[in-house]
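> This structure is in structure tokens; I'll ask about it shortly.
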Ligand code: HEM
């Protein structure tokens, strides 16, 4: 695995991002924009599930927000992988990076299971509140772990 990560970090694309100020800044800024799309959209839905803005109908939110959040997550995965590739051997050893990936994985599995379990509109308000709260906790933790990577190692 070590050899594979070294190979990844030495690829021309990884090296060009690592050694170019504008290249790194562009990928990093796109990662942050992706997180803004993911977190901003999911927060809106989660707060609504938790009982805020009750006059806003849930159905149109459920039709649009999960798609926007999924696009943000997909973009964050692509740009996050590019950032990871610049120092793959170092990032892989950081506990905070491993924790962030575990939280993203758990948050994604949670969101998919909520989606596949059936229509949200038919669940009790207590269940909706719990779903909103758990989802906010997952994505806020991922955000904090992502920011903490810069202070680790
Ligand atoms: C699997 C997908 C992802 C990977 C592989 C990944 C990887 C990375 C890497 C390598 C960095 C650079 C760390 C550094 O040296 O400072 C980073 C930064 C960051 N990531 Fe991710 N990331 C992913 C998804 C996410 C998601 C979903 C979130 C938020 C919910 C997130 C939040 C952050 C934050 C806040 C930063 C710091 C940005 C900055 O201050 O420059 N990441 N990520």
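In this note's numbering, the protein residues as written are 1110 to 1262. Using N, Cα and C, we set each Cβ at its ideal position, and we do this for glycine too.
(1) Hey, would you say the C-beta of residue 1056 is under 7 Å away from at least one heavy atom of the ligand HEM?
(2) Assuming the contact rule is C-beta atoms closer than 8 Å, residue 1181 and residue 1126 should be a hit. Round their C-beta distance to whole Å, please.
(3) When the Cα atoms are used, what is the spatial distance from residue 1144 to residue 1112?
(4) Ignoring anything shorter than 4 residues, give me the alpha helix (DSSP H) runs that lie fully in the region 1166-1248, in order along the chain.
(5) Exposed or buried, residue 1209, counting other C-beta atoms within 10 Å across all chains shown (16 or more means buried)?
(6) Counting pairs of beta carbons, one from the region 1226-1244 and one from the region 1132-1144, are three or more of them closer than 8 Å?
(7) Roughly how many angstroms lie between the CA atoms of residue 1235 and residue 1199, to the nearest whole one?
(8) Could you pull out every residue in the same chain whose Cβ sits closer than 6 Å to the Cβ of residue 1158, ignoring the five residues on either side in sequence?
(9) Quick one: is the Cβ of residue 1142 within less than 7 Å of any heavy atom of the ligand HEM?
(10) Consult DSSP for residue 1255 and reduce its assignment to one of helix, strand or coil.
(11) For residue 1116, which three-state DSSP category applies?
(12) Which first and last residues belong to the alpha helix (DSSP H) in which residue 1125 is found?
With the given structure in hand:
(1) Any answer about residue 1056 is impossible in this case: the structure gives the chain only from 1110 up to 1262.
(2) Not really, about 21 Å apart at Cβ, beyond 8 Å.
(3) 30 Å
(4) 1167-1195, 1197-1200, 1204-1226
(5) buried
(6) no
(7) 43 Å
(8) 1237, 1240, 1241
(9) no
(10) helix
(11) helix
(12) 1121-1128
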